Amino acid sequence: MKRTATGFALILAVLALALAAWPGAAQAAKGDDTVVLALGSPQPTMDPRDHRARVGIIKDWHVYDPLMRRDSRTGRLKPGLAESLKPLGKLTWEVKIRRGVKFHNGEPANAEAVKYTIDSMLDLKNKFLGRGNYTWIKKAEVKDPYTLHITTKDPFPLVGEFLTTVLPVPPKFAQKEGKPGMAIRAIGTGPYKFVSWKKGVSLVLVRNDDYWGPKPAIKNLVIRPIKESATQIAELLRGGVHVIRQVPPDQVEFINKSGAASVKSAPVLRVVYLQIDQAGRDSRSNKALKDVRVRRAIAHAVNVDGIIKYILQGRAMRSATSVSPMAFGYDGSAQAPKHDPALAKKLLAEAGYANGLTLTLHTYSGSVMAERQVAEAIQGDLQRAGIEAKIFHFDNVGVYTKMGTTGKRGDLTLASWGSRSIFDTHQLLLPIFHSKDPLSYAKVPALDKEIDAGASTVDSEERKQIYKRAQQIILDQMLVVPMYGQHELAGINKDLELEPAGDEILRLYEAKWKK
Numbered sequence: 002m003k004r005t006a007t008g009f010a011l012i013l014a015v016l017a018l019a020l021a022a023w024p025g026a027a028q029a030a031k032g033d034d035t036v037v038l039a040l041g042s043p044q045p046t047m048d049p050r051d052h053r054a055r056v057g058i059i060k061d062w063h064v065y066d067p068l069m070r071r072d073s074r075t076g077r078l079k080p081g082l083a084e085s086l087k088p089l090g091k092l093t094w095e096v097k098i099r100r101g102v103k104f105h106n107g108e109p110a111n112a113e114a115v116k117y118t119i120d121s122m123l124d125l126k127n128k129f130l131g132r133g134n135y136t137w138i139k140k141a142e143v144k145d146p147y148t149l150h151i152t153t154k155d156p157f158p159l160v161g162e163f164l165t166t167v168l169p170v171p172p173k174f175a176q177k178e179g180k181p182g183m184a185i186r187a188i189g190t191g192p193y194k195f196v197s198w199k200k201g202v203s204l205v206l207v208r209n210d211d212y213w214g215p216k217p218a219i220k221n222l223v224i225r226p227i228k229e230s231a232t233q234i235a236e237l238l239r240g241g242v243h244v245i246r247q248v249p250p251d252q253v254e255f256i257n258k259s260g261a262a263s264v265k266s267a268p269v270l271r272v273v274y275l276q277i278d279q280a281g282r283d284s285r286s287n288k289a290l291k292d293v294r295v296r297r298a299i300a301h302a303v304n305v306d307g308i309i310k311y312i313l314q315g316r317a318m319r320s321a322t323s324v325s326p327m328a329f330g331y332d333g334s335a336q337a338p339k340h341d342p343a344l345a346k347k348l349l350a351e352a353g354y355a356n357g358l359t360l361t362l363h364t365y366s367g368s369v370m371a372e373r374q375v376a377e378a379i380q381g382d383l384q385r386a387g388i389e390a391k392i393f394h395f396d397n398v399g400v401y402t403k404m405g406t407t408g409k410r411g412d413l414t415l416a417s418w419g420s421r422s423i424f425d426t427h428q429l430l431l432p433i434f435h436s437k438d439p440l441s442y443a444k445v446p447a448l449d450k451e452i453d454a455g456a457s458t459v460d461s462e463e464r465k466q467i468y469k470r471a472q473q474i475i476l477d478q479m480l481v482v483p484m485y486g487q488h489e490l491a492g493i494n495k496d497l498e499l500e501p502a503g504d505e506i507l508r509l510y511e512a513k514w515k516k
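Quick note, the sequence shown lines up with residues 2 to 516 if you use my numbering.
So this is what it looks like as structure tokens:
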């Protein structure tokens, strides 16, 4: 089962030479003090409250400051815009905000600004896509200009982790401009300031020389959406971009030998899985998917180990349950469904589909490594079991997310989830499997109960047992086909120092030019 992109390296080499020879090709140079980052999908919005996209999270951490940060080297939590965090009881937490910090438009970044941000997220009328990261909060109270008390609905074990998702916005600007204004202009307190954004073309940022923390070594940052991997690599080799994500594994050696760039890798929290519309949210979904035998047939048809070996070239961690092996609470004792095409056909026949069935397989650009090759491998595996899968691809992650949250992404989806860089099983179970979450295509009351219990239990050993039961339900009901945790394969210009991190946030504010 050897699946490769035949001739891909040759195509890239020819394309790179053609681009380099083109008189109009802008050669981004070290002397420009500008780093260009290519991402596989356009930024969905400038508002950090209104998306769940990885391409947006990477932007957010450069323009906005989360209350808590994660150290890129140790993985441990550390202060961000919040100077300190401490519990005052089972439900109340005291957050001290840094003094003297201002938003890029001059507004004070104080406790009132943090409270405004939290309140705006909890207000159902706003319908912010990131609201799920705030639902553990009952209320936020200002005690003095730089002290905020956060009260949780129940004892919540992940307060510090979830404060990495709280990125305060300037209240006056947000209230004046509303959602339309916040969607097109980013105003935070972070290490880079917004200059301009032409949707689908480029986002331009400049160093915030008044930043309260360590200032970036590089002055200018440009983020460009480039859909095709071949184009990204060609641009990297000619110097048109300096950093790309999700390099196809079969192109690593080619890039490393180019002399223009190299590939650095790190295991990351993102997990890839095949989502199934078990709940029948999409009225167009095949009703066969409500039968657990059909869902199991799909799981036994897909050769996940073959995909990891031949397409990803071993650069992935097998997940038995769809939870990342890097997350707290992952059940390492669980058994993944075995690749067994004969069993898949038998299960289909038992369910009344001996003649097969037709499904839609949704894919998207942006975060799934070698997405096209993986999707085509799944398509071939399903076909051998008697299932025809028609691939429908989303180039724009914003459209992909909107279709998902509105229940219009049925049948199957080659999906991935980075858990908003929170290393805990809860942050995958809640948004992907809880029946009340807008991204969930599952409806199992027993699973909802376990997810709720895990969110309100502070004892770590008890939480592990809760998560173990939850993952067993996922397997018993075969709500998804569990696949693997990804590695980040970042292509980086030879003159640039930058390391990928396990939380899948490329920190360009830590990058610097080699001397």
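Just so it is clear, CB atoms sit at the ideal spot from N, CA and C, and this is done for glycine as well.
Bear in mind the structure is a predicted one, so any value in this text is a computation, not a measurement.
Between residue i and residue j, what straight-line distance do the alpha-carbon atoms span, to the nearest angstrom?
i, j, result
"Ala416", "Arg282", "16 Å"
"Leu222", "Arg208", "8 Å"
"Ala112", "Ile98", "6 Å"
"Ala29", "Glu236", "Confidence is the limiting factor: at Ala29 the pLDDT is only 48, short of 50, which leaves the residue's position unreliable, though a coordinate-based value still follows. One C-alpha to the other measures close to 10 Å."
"Arg77", "Arg71", "5 Å"
"Tyr65", "Asp155", "28 Å"
"His52", "Lys128", "11 Å"
"Val293", "Gln478", "6 Å"
"Ser203", "Ile256", "24 Å"
"Thr166", "Ser420", "11 Å"
"Pro158", "Arg385", "45 Å"
"Leu360", "Trp213", "52 Å"
"Gly333", "Lys139", "34 Å"
"Ser366", "Lys228", "7 Å"
"Val324", "Val273", "9 Å"
"Ile392", "Ala443", "21 Å"
"Val303", "Trp137", "37 Å"
"Gln473", "Thr322", "8 Å"
"Ser230", "Asn397", "15 Å"
"Ala471", "Leu448", "6 Å"
"Ser284", "Glu377", "25 Å"
"Ala350", "Ala280", "22 Å"
"Ser320", "Pro326", "6 Å"
"Asp251", "Ile312", "7 Å"
"Val102", "Leu476", "48 Å"
"Lys516", "Asn287", "58 Å"
Provide the residue span of the beta strand (DSSP E) that contains residue i, from first to last.
i, result
"Lys173", "Counting along the chain, Lys173 falls outside any beta strand (DSSP E), though it belongs to the alpha helix (DSSP H) covering Pro172 to Ile185."
"Leu204", "Ser203 to Arg208"
"Leu413", "Leu413 to Trp418"
"Ser197", "Tyr193 to Lys199"
"Trp213", "First-last for Trp213: undefined, no H or E at that position."
Please tell me whether residue i and residue j are closer than 9 Å, where the distance is taken between their beta carbons.
i, j, result
"Val295", "Leu358", "yes"
"His363", "Arg410", "yes"
"Ile452", "Phe424", "no"
"Ala114", "Pro172", "yes"
"Lys513", "Glu498", "yes"
"Phe329", "Ser461", "yes"
"Thr426", "Tyr468", "yes"
"Leu1", "Ile379", "Residue 1 falls outside the range modelled here, since the chain spans only 2 to 516, and no answer is possible."
"His49", "Asp61", "Rather than His, the amino acid found at residue 49 in this sequence is Pro. Contact flag set, yes."
"Leu164", "Leu270", "no"
"Ala261", "Arg239", "yes"
"Leu509", "Ile219", "yes"
"Val305", "Gln487", "no"
"Leu431", "Asp438", "yes"
"Val253", "Gln176", "no"
"Ala345", "Arg297", "yes"
Along the chain, where does the alpha helix (DSSP H) containing residue i start, and where does it finish?
i, result
"Tyr135", "From DSSP, Tyr135 is part of no alpha helix (DSSP H); its letter is neither H nor E."
"Phe1", "Since the displayed the chain opens at 2 and closes at 516, residue 1 lies outside it and no answer follows."
"His427", "His427 to Phe434"
"Leu86", "Leu86 -> not in any alpha helix (DSSP H); beta strand (DSSP E) instead, spanning Ala83 to Pro88."
"Leu1", "Because the chain in this structure spans residues 2 to 516, residue 1 falls outside the shown range and cannot be described."
"Leu448", "Pro446 to Ala456"
"Leu237", "Ser230 to Arg239"
"Arg246", "Segment: none, Arg246 is in no alpha helix (DSSP H) and carries neither H nor E."
"Ile151", "Counting along the chain, Ile151 falls outside any alpha helix (DSSP H), though it belongs to the beta strand (DSSP E) covering Thr148 to Thr153."
"Glu254", "Val253 to Asn257"
Quick check: does the Cβ of residue i come within less than 8 Å of any heavy atom belonging to the ligand NAD?
i, result
"Gln384", "Absent from the structure shown: the ligand NAD. Ligands present: none."
Counting only runs of 3+ residues fully inside the segment 363-406, write out the beta strand (DSSP E) ranges in chain order.
388-395
Sufficient close CB pairs (3 or more, under 8 Å) joining the segment 240-258 to the segment 31-45:
yes
The segment 145-155 touching the segment 79-94, judged by at least three CB pairs closer than 8 Å
yes
Please give the ranges of any alpha helix (DSSP H) in the segment 100-124, keeping only runs that are unbroken, at least 4 residues long and fully inside the region.
112-123
Inside the segment 260-321 only - beta strand (DSSP E) runs reaching at least 3 residues:
262-277 and 317-319
So, do the segment 470-486 and the segment 251-266 have three or more beta carbon pairs nearer to each other than 8 Å?
no
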